[in-house]
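Peer 1:
Residue numbers (our numbering): 7 to 209.
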């Protein structure tokens with residue numbers, strides 16, 4: 007029940023967008039906003055039900071006596087932000103952080119880092135999403151729950167942006183050389199399967 011309550015509070019905070027911290031630098035003409043965290047449960051099955059070869063493949067089979075079905079539930083978290091590119095260059099890829107902070111002290115609690123390959127032309131807007139099992143903070147302050155506040159403040163921060171012309175922009179306070187790591191990832195990505203656009207990017 008505590009987990010469900012926490013997820014509901016997260017959903018409320020995401021929906022209102024009222025709890026965000028001030029942003030740091032962004033490339034000229036590029037702005038970000040509408041930071042969201044959404045949680046859902048993915049249900050999958052493996053195996054088959056004995057004696058039911060004509061089962062509807064679009065319906066999750068229910069286990070019965072003699073069934074070899076195994077149902078698995080996985081909690082997934084979708085981190086997202088809106089990116090508006092009104093700068094002079096198209097964006098090719100970016101590294102960004104989703105940050106959680108204490109509602110009372112504004113002290114950072116947790117930071118999730120991601121990399122995305124996303125083409126965002128000049129004058130265009132796009133919602134960047136990352137789906138992962140990496141969760142929000144597990145600990146919520148008693149004061150936040152007591153006062154009925156959102157469990158934590160949320161914001162996003164760009165760490166590195168690679169433009170279509172090959173030039174880069176890096177956050178002045180970036181840690182761990184994100185642009186250098188992004189370049190290495192993009193090179194390795196050339197040998198991977200098509201469609202792999204995202205990567206957890208924790209230092």
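Just so it is clear, CB atoms sit at the ideal spot from N, CA and C, and this is done for glycine as well. Quantities reported herein were computed from a predicted structural model and do not represent experimental measurements.
Return the Cβ separation of residue 168 and residue 177 in integer angstroms, given the expectation that the two are a contact with Cβ distance under 8 Å.
Peer 2: No, residue 168 and residue 177 are not in contact; Cβ-Cβ is about 13 Å, not under 8 Å.
Peer 1: From the DSSP output, in three-state form, read off residue 39 for me.
Peer 2: strand
Peer 1: Assuming contact is defined by CB atoms lying nearer than 8 Å, are residue 107 and residue 158 in contact in what I supplied?
Peer 2: yes
Peer 1: Measure from the alpha carbon of residue 41 to the alpha carbon of each residue in 82, 34, 88, then state which is nearest.
Peer 2: Answer by Cα proximity: 88.
Peer 1: Kindly give me the distance between the Cβ atoms of residue 91 and residue 35, rounded to whole angstroms, as I take these residues to be in contact under 8 Å.
Peer 2: 7 Å
Peer 1: Excluding five sequence neighbours on each side, which residues of the same chain lie with their C-beta closer than 6 Å to the C-beta of residue 101?
Peer 2: 121, 165, 166, 184, 188, 207
Peer 1: Out of 116, 137, 190, 135, which one is the CA nearest neighbour of residue 144?
Peer 2: 116
Peer 1: Would you mind stating whether residue 139 and residue 81 have Cβ atoms separated by less than 8 Å?
Peer 2: yes
Peer 1: How long is the line joining the alpha carbons of residue 93 and residue 128, rounded to whole angstroms?
Peer 2: 6 Å
Peer 1: Could you tell me the boundaries of the alpha helix (DSSP H) in which residue 188 lies?
Peer 2: That run of the alpha helix (DSSP H) goes 184 to 195.
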